[in-house]
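At position 252 of the sequence shown the residue is numbered 252 (the UniProt record's numbering), and the sequence of numbers has no breaks. Where a beta carbon is used, it is the ideal one built from N, C-alpha and C, also for glycine. All values reported here derive from a predicted model rather than from experimental measurement.
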Amino acid sequence: MATAADTVAEPDESIAESVFDCVGNTPVVALNRLFSQPDVDVLAKLELMNPGGSMKDRSARYIVDSGLRDGSITPGCRLVESSSGNFGIALAMAARVRGLRFTCVLDPKTTTANLALLRSLGTDVEMVDDVDDAGGYLHSRIRRVNELLTADPDAVWINQYANDRNWQAHYHGTGAELAEQLVRPPDYLFAAVSTTGSILGCSRRLREEFPDMRVIAVDSVGSVIFGGAPGPRDIPGIGSSRVPELCRPEEIDEVVYVDDVTAATGCRQLLATEGVFAGGSTGAVVAAIQRTLPRLDHPSRIVAVFPDRGDRYLDLVYDDNWLTGARRRRTEHPA
């Protein structure tokens, strides 16, 4: 007869209920090879390791699940959003997992990889091709969103540019994780901006622990978020041709503008030195740190948010022909 001493407890299994339960808990890595100065500590939060490939997984999960809980999103309804790719992919994953329909409004600058992935996830794709007054497509995309909402009264617009749950996702997610992962306080936070949700959520949470931390936004040349002159931009996921309703410039200490060529160079340097295969906005963050480092306080500790991975940018920043064309366009139309 077996006794209690003879009984061996089975180990607890660690099994997620869905891929969306795997969002978050991304690592922080030191970039000692790319930034080898002895008095500088550059740390990167690898949001590119989320299951959907970007930090947008966090906001999509938080917004959709919160909406389902409070009834603003109803079971089986249609989600509608304007997206350049990553947030659209994250919402497409959410729709698959939560049994929702999803229509994503895109434009010709969407990468072929993002477009193929969205369609593989069963997304209804609406493509706009009319350039708006700002020289981009965002206003045209939002106009199409409003047309879709009028045609389907049961459709729900996620509206990442104005949805407070966007920044809250990063306050409770990315920022909270960083607050636990970092024991010594960072002097600077570098983060790319588009909706400004991620930089605000991260900085608001981190400043509760580290009130002296300075926040540096990395924006794209041609973006108007912080009053810059509108202009052409080819890399999706960074910058905007309209000021997001979420934007709070008073919470940002400095803005660094990076053009497409410099962002692509940053991507390639990061891959060559650290083996990190990242997207265009991450390359812009790398370039912004390199540019500002000589005038920052020393010694200094920098934490950077790396938004997405590089496989969706193979026909952009990692393509030599594209880079050659981008350099030519920069020469013809200098900022």
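### Query
Would you say M93 and G52 are within 8 Å of each other, going by their C-beta atoms?
yes
### Message
For residue 344, which residues in the same chain have their Cβ closer than 7 Å to its Cβ, ignoring the five residues on either side in sequence?
### Response
Because residue 344 is not part of the residues shown, which for the chain are 1 to 335, the question remains open.
### Message
For E245, which residues in the same chain have their Cβ closer than 7 Å to its Cβ, ignoring the five residues on either side in sequence?
### Response
Y161 and A162
### Task
Along the beta strand (DSSP E) that carries M127, what are the first and last residues, could you check?
D124 to M127
### Message
Which of the three DSSP states is assigned to I142 in this structure?
### Response
helix
### Message
Taking only three categories from DSSP, how would you classify I225?
### Response
coil
### Query
Which residue or residues does DSSP assign as beta-bridge partners of V103?
In the sequence as presented, Val is not what sits at residue 103; that position holds Thr. BP columns for T103 point to V80 and D124.
### Task
Taking the CB atoms as reference points, tell me whether I252 and L316 lie closer together than 8 Å.
no
### Message
Output needed for P108: all residues of its chain with C-beta closer than 8 Å, excluding positions within five of it in sequence on either side, in chain order.
### Response
M127, D129 and Y137
### Query
So is Q168 buried or exposed if we call it buried at 16+ other beta carbons inside 10 Å?
buried
### Message
Taking CB distances under 8 Å as the criterion, tell me whether R98 reaches chain B.
### Response
Going by chain labels, chain B is absent from the structure shown, which holds only one protein chain.
### Query
CA-CA distance, V243 and I225?
5 Å
### Message
Whole angstroms are fine: how far does the CA of V97 sit from the CA of S66?
### Response
15 Å
### Query
Distance, Cα to Cα, G14 vs E208?
According to the sequence displayed, residue 14 carries Ser and not Gly. Each residue's alpha carbon lies about 32 Å from the other.
### Task
List the endpoints of the continuous alpha helix (DSSP H) containing E274.
D260 to E274
### Query
Around the C-beta of G99, are 16 or more other C-beta atoms found within 10 angstroms, so that it is buried, or is it exposed?
exposed
### Task
Please state whether DSSP places I302 in a helix, a strand or coil.
strand
### Task
Could you tell me which of R165, T262, V218 and C267 sits nearest to P249, measuring between CA atoms?
V218
#### Entry: Element boundaries [beta strand (DSSP E), containing I73]
No beta strand (DSSP E) holds I73; DSSP gives it neither H nor E.
### Query
In three-state terms, what does DSSP make of L206?
helix
#### Entry: the ligand COA heavy atom lying under 7 Å from the CB of L271
Because no ligand of any kind appears in the structure shown, any question about the ligand COA cannot be addressed here.
### Query
In or out: E177 buried (at least 16 other Cβ within 10 Å) or exposed?
buried
### Message
Going by the DSSP bridge assignment, what does I289 pair with across the sheet?
### Response
For I289, which the question treats as bridged, DSSP gives no partner whatsoever.
### Message
Please report the distance separating the alpha-carbon of I63 from that of F306.
### Response
21 Å
### Query
Does the distance from the CB of V145 to the CB of S82 come in under 8 Å?
yes
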